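The structure appears below as structure tokens.
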Amino acid sequence: MGNSTVIIIGAGPASLIAAAELASAGIPVQVYEQNKAAGRKFLVAGHGGFNLTHSEDISDFVNRYDTTEIQDIVRAFDNMDLVGWFNDIGIPTYVGSSGKVFPEKNIKPIQVLQAILAYLDRYGVQIFYGHRMVDFDHTYVEMDCGVDRVKIKYQRLLLGLGGGSWAKTGSDGKWMALLESKGIKLNSLRAANSGLNTISDYSRLAGKVLKNIHLRFEEIQKAGEVLFTRYGIEGSPVYYMNRFIRKSPFPVTLYIDLKPKMAKEEMERLLGQPNVKVIDVLRNKIKLSPVAIELTKELSKEVYTSVEGLAYVLKHYPIQVDAFRDIDEVISTAGGVYFSELDSALELRNFPGVFCIGEMLNWEAPTGGYLLQACFSSGHWAARKIKEAIWKEMNV
14 MGNSTVIIIG AGPASLIAAA ELASAGIPVQ VYEQNKAAGR KFLVAGHGGF NLTHSEDISD
74 FVNRYDTTEI QDIVRAFDNM DLVGWFNDIG IPTYVGSSGK VFPEKNIKPI QVLQAILAYL
134 DRYGVQIFYG HRMVDFDHTY VEMDCGVDRV KIKYQRLLLG LGGGSWAKTG SDGKWMALLE
194 SKGIKLNSLR AANSGLNTIS DYSRLAGKVL KNIHLRFEEI QKAGEVLFTR YGIEGSPVYY
254 MNRFIRKSPF PVTLYIDLKP KMAKEEMERL LGQPNVKVID VLRNKIKLSP VAIELTKELS
314 KEVYTSVEGL AYVLKHYPIQ VDAFRDIDEV ISTAGGVYFS ELDSALELRN FPGVFCIGEM
374 LNWEAPTGGY LLQACFSSGH WAARKIKEAI WKEMNV
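Heads up: the sequence shown is residues 14 to 409, going by the numbering used here.
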């Protein structure tokens, strides 16, 4: 296979954009992927709508991330830069009603991946499938290609090994043991953007959605929709709360404001009118959704028949949760390589020439385009730093 200036391990979004940035600058690149195809988890993101990034102003955008390091990286190659890059490779986008950015409606997720791969092929990037990294040192990376093992000399080694969810896509977190054995400090991988198991059984509501609600945990509040499942709850407000819930021991209680635009005092006024049935007020005056009305059936008779008590619960409906979902089924993971182990170029301090990108870094973000954006941004960042270093060595 020969030697390559840059060896990239993994063929997810961070790795692919890094390869594109390097190869388009004339730097030889080889990509090694353990699966038989590239971007398998990338395609999973396309289920139910392929949300590439978000259109909100960058000053708000970067605040979705939990570390200053990833905020700076996203700011350097932001959402508008990513939209421009996709347009350059033949993938026009549009902004949905929620501000999320998608490929134009006739473009399927596989076509987005094919456009990226075609771009890499145009610049001579070689991708070797069925190759799993088993070791690396300061000079060589060792690959298991199924029939034997091969050591490949590198000048720069770029690791884009993913997080720990959706293991069947190759994002299995097995790289953690290898990096730990080399003295690299890691934050354990934990479920992020995860559904929550509830103590009460809401399986009768499975598949039904509470729309236009506010979800609250302690002092944190998030608007959106909550989906009931056979095991508990899902939805963007639920995922948003993950990082805050994680700081407390289970069980914890979340509260749902079932009617955010109506004050508790107005509810009390409507419920307190003479000669009215509670259910009629809930349906016709307060205008609770059928799903919200189902939730009120869980209340005790004492609460349901109390004007003040019922109004309070409609604004603070309690949901007790006792666990995140299994890490392999969640959207993403928190944890990974601590930024303190890396320099500003995302290069390992104890392994000069080795870089880490994407979800294997220790950062967290909500759904809505922020996850993919940070993966693309980190790949672009490291590639740009590598490119600058190589050009400096060549006196270009």
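All residues carry an ideal CB built from backbone N, CA and C; glycine is no exception. All values reported here derive from a predicted model rather than from experimental measurement.
Shown here, E232 sits in coil according to DSSP, grouped into three states, outside any helix or strand. In the structure shown, E69 adopts coil according to DSSP, grouped into three states. Nearest C-alpha to L202 among V367, V343 and G25: V343.
When the five nearest sequence neighbours on each side are left out, the beta carbons in the same chain lying within less than 7 Å of the beta carbon of E354 are those of I197, K198, L361 and R362, in order along the chain. The alpha-carbon separation between K121 and L65 amounts to approximately 12 Å. Within 10 angstroms of the beta-carbon of M407 lie fewer than 16 other beta-carbons, which makes it exposed. Assignment of beta-bridge partners to N200 by DSSP yields G349. Between R77 and P379, the C-beta spacing is below 8 Å. Within the model, the alpha-carbon separation for V87 versus L284 is close to 49 Å. A straight-line Cα-Cα distance of about 21 Å links A395 and T346. Bridge partners of V222 according to DSSP: L240. Distances from the CA of G322 to each of R282, D335, V114 and A27 were compared; the closest alpha carbon is that of R282.
The beta carbons of F368 and R145 sit no closer together than 8 Å. Put simply, of T18, G348, I30 and G23 the residue whose alpha carbon is nearest the alpha carbon of S391 is I30. For the pair V96 and V138, the Cα-to-Cα distance works out to about 22 Å.
Counting only runs that start and end inside the segment 286-312, the alpha helix (DSSP H) elements of at least 4 residues fall at 303-309.
Only exposed fits K274, as fewer than 16 other CB atoms lie within 10 angstroms of its CB.
Within a 10 Å sphere around the beta-carbon of D270 sit 16 or more other beta-carbons, which makes this residue buried. Contact between L133 and A33 is confirmed by a C-beta separation of about 6 Å, below the 8 Å threshold. In terms of Cα proximity to Y317, the closest of Q333, R296 and I292 is I292.
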